[in-house]
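Heads up: the sequence shown begins at 33 in the numbering used here, then just goes up one per residue.
In what follows, a structure is listed as structure tokens, so that the remarks can point back to it.
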Amino acid sequence: MPRTIAEQTVDQLGGTDSVLARQRRDHAEMDRLMSRYQTLGDGEDRERALKETVQLVFSHAFAEESVLWPAVRRSVPEGEELTARVEEEHQQINDLVADIERLAPGDPEREEKVRRAFALIRQDIRDEEDLLLPRLQEALDTSRLRQLGTAWETVRRTAPTHPHPVIPRRPPGNAILGVPLSLYDRARDALGLGSAAGTVKKRLAGLAALLVSAAAAVAVAVLRRRR
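This is how it looks when you write it as structure tokens:
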């Protein structure tokens, strides 16, 4: 049975640039941010911890679905089953966080959804570190793990940072639709726009919708060409 990446040294994971080491660093930061949210009282610091958790979780997951899971499906015999399980967890997290962003801080329903989302994120981390990533480690050499790490990091730094029901879980649809939604999310983050729908946010959302429509047309054309 492959060994969980949680118990390995950085050298065993292929070095700091390996996708395995990068994944584990992000997972540790997610856990730190979730724990911070859970220990703070109501206020700006608590909301900031939640915001940073959401931004990290969604950019991290998008990079996984765009770069890492396709490599798993190509390299690991049971890769299709393993990635489908994680993709389902990602979808559940997406739906919960979309609800959270529509509810006001302090709302009991919001707190319950935060609790459920955090539990799913922690389960997702365990599934990746204990089941999926060790099998990828068995299948690929250190050089390939580092190449994947570089590609994964590049995508993560430009990925959407909030839930979007229109983004498919797999390429090429996620890569094409992710571009306009990433622009929208990062403009929203830079302007400090929360869940309240102000005029600027509405205009950004309208622009994002136009860009998504154009990207969707491109995605359809790409898929037709592949047939």
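Positions of the beta carbon are idealized from the N, C-alpha and C atoms, including for glycine.
Please read these numbers as outputs of a predicted model, since none were measured by experiment.
Between the C-alpha atoms of Glu53 and Trp101, what's the straight-line distance to the nearest angstrom? One point to set straight first is that residue 53 is Ala, not Glu, in the sequence displayed. For Ala53 and Trp101, the distance between alpha carbons rounds to 16 Å.
What residue does the alpha helix (DSSP H) around Pro102 start on, and which one ends it? Trp101 to Ser107
Taking Arg176 as the reference, which of Gly46, Pro137 and Glu39 has the closest Cα? Gly46
Quick one: what's got a C-beta closer than 8 Å to Leu152's C-beta in the same chain, skipping five residues either side? Glu121, Gln124, Ile125 and Leu128
Hey, out of Leu213, Ile199 and Gln169, whose CA is closest to Glu119's CA? Ile199
Can you find the residues in the same chain that come closer than 7 Å, C-beta to C-beta, to Thr190, ignoring five residues on each side of it along the sequence? Ser214
To the nearest angstrom, how far is it from the Cα of Arg117 to the Cα of Gly224? 34 Å
Evaluate Ser50 with the Cβ neighbour count: other Cβ atoms within 10 Å of its Cβ, from every protein chain shown; 16 or more gives buried, anything less gives exposed. buried
Counting along the chain, where does the alpha helix (DSSP H) carrying Ala151 start and finish? Pro140 to Asp159
Given 8 Å as the limit, is there contact between the stretch 91-111 and the stretch 155-174, that is, 3 or more CB pairs closer than that? yes
Spatial neighbours of Leu165 in its chain, beta-carbon cut-off 7 Å, leaving aside the 5 residues before and after: Ile37, Leu52 and Gln55
Rounded to whole angstroms, what's the CA-CA distance from Ala183 to Ser98? Just pull it up for me. 10 Å
Sorted by chain position, which residues of the same chain lie with C-beta nearer than 8 Å to Arg202's C-beta, five sequence neighbours on each side aside? Glu97, Trp101, Pro102 and Glu119
Have a look at Ile157 and Arg134 and give me their C-alpha separation to the nearest angstrom. 25 Å
Residue range of the unbroken alpha helix (DSSP H) whose run includes Met73: Checking the sequence, you will find Gly at residue 73 rather than Met. Where Gly73 is concerned, there is no enclosing alpha helix (DSSP H), given that its DSSP letter is neither H nor E.
Taking the CB atoms as reference points, tell me whether Glu161 and His59 lie closer together than 8 Å. yes
For Met66, which option in Glu39, Lys83 and Gly205 has the closest C-alpha, if you only look at C-alpha atoms? Lys83
Taking the alpha-carbon positions, what's the Asp43 to Ala219 distance? 37 Å
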